[in-house]
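Numbering (our numbering), first residue to last: 3 to 218.
Note that CB positions come from ideal geometry on N, CA and C, so glycine has one too.
No experiment lies behind these values; they were computed from the predicted model shown.
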Ligand SMILES: Cc1cc2nc3c(=O)[nH]c(=O)nc-3n(C[C@H](O)[C@H](O)[C@H](O)COP(=O)(O)OP(=O)(O)OC[C@H]3O[C@@H](n4cnc5c(N)ncnc54)[C@H](O)[C@@H]3O)c2cc1C
């Protein structure tokens with residue numbers, strides 16, 4: 003079934019990323035899930051993870067505009083009240099057997115942080131650490147900045163607390179100090195997810211506690 007939702011706003015996050023907000027209507031989802039999103043009369047849809055919390059009054063998606071991409075460009079040009087197709091929710095990248103006493107490690111590249119934004123907004127007392135690979139400091143998610151949020155910045159050097167220069171995969175030694183019984187969630191591009199997964203297994207994290215979502 004296809005649902006048409008009105009656009010509420012488009013807000014830029016740095017130069018390449020933006021947050022698309024649409025009406026929620028009566029849609030329900032679990033933090034970590036994604037929707038198939040499209041524009042009426044355009045025959046393609048793409049998947050986008052929700053970045054807003056389960057209880058918020060609108061649906062939000064953090065999207066990277068891909069230079070040669072079809073839909074991510076067109077969504078950015080939407081105006082307030084323009085219709086958007088929203089199908090779903092889909093996916094099982096959410097926390098099952100939720101346990102506030104457990105440690106959660108979230109590792110994301112780029113907009114792969116979307117499901118973690120939703121998980122953290124939905125469960126603010128979660129005991130988590132968030133590792134985020136970005137290109138520029140402006141790609142940071144500002145309302146998540148605290149000592150739990152470590153940023154790995156590949157294209158510029160910044161002398162800022164909890165920011166490290168280089169790709170996230172160049173800093174995987176940070177995992178050596180983490181609790182090996184943690185639940186680990188990986189989201190983003192396939193090269194990052196694969197490399198981090200292998201490192202986690204080498205470090206004796208338990209494969210049954212590792213969950214992955216690949217965007218491209
Ligand atoms: C389960 C799931 C959830 C997703 N959630 C999000 C999300 O929350 N936010 C988001 O921005 N994207 C997300 N994506 C990716 C999204 O579905 C699209 O692939 C992306 O927006 C490109 O669509 P397009 O039509 O603009 O480009 P297309 O015309 O489909 O693709 C152009 C090229 O860009 C590549 N590409 C796709 N994504 C990226 C990227 N991020 N960086 C660099 N190259 C890329 C593709 O592999 C392709 O080669 C998700 C994908 C999946 C499978």
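Cutoff 8 Å; reference residue i; Cβ partners in own chain excluding five residues on either side
i	result
residue 213	95, 185, 186, 187, 188
residue 218	191, 192
Residue i in three-state terms, based on DSSP
i	result
residue 118	helix
residue 78	helix
residue 203	helix
residue 110	strand
residue 63	strand
residue 195	helix
residue 163	coil
residue 211	helix
Contacting residues, own chain, Cβ-Cβ under 6 Å from residue i (five flanking each side not counted)
i	result
residue 62	21, 23, 53, 54
residue 60	10, 23, 26
residue 176	none
residue 56	33, 124
residue 131	107, 150
Near ligand 1: residue i beta-carbon under 8 Å from a heavy atom
i	result
residue 138	no
residue 16	no
residue 217	yes
residue 53	yes
residue 97	no
residue 135	no
residue 187	no
residue 213	no
residue 71	yes
residue 177	no
residue 116	yes
residue 59	no
residue 152	no
residue 48	yes
residue 68	yes
Supposed close pair residue i, residue j - CB separation, criterion 8 Å
i	j	result
residue 92	residue 38	7 Å
residue 115	residue 143	6 Å
Residue i versus the options, residue with shortest Cα-Cα distance
i	options	result
residue 194	211, 171, 143	171
residue 90	211, 36, 19	36
residue 33	175, 124, 109	124
residue 158	166, 86, 79	166
residue 216	18, 81, 117	117
residue 31	182, 120, 76, 155	120
residue 19	49, 64, 200	64
residue 181	84, 101, 207, 71	207
residue 105	86, 84, 113, 127	127
residue 83	17, 210, 130, 12	12
residue 2	66, 173, 44, 200	Residue 2 lies beyond the range of the chain shown here (3 to 218); nothing can be said about it.
residue 75	156, 102, 101, 47	47
residue 201	178, 211, 183, 210	178
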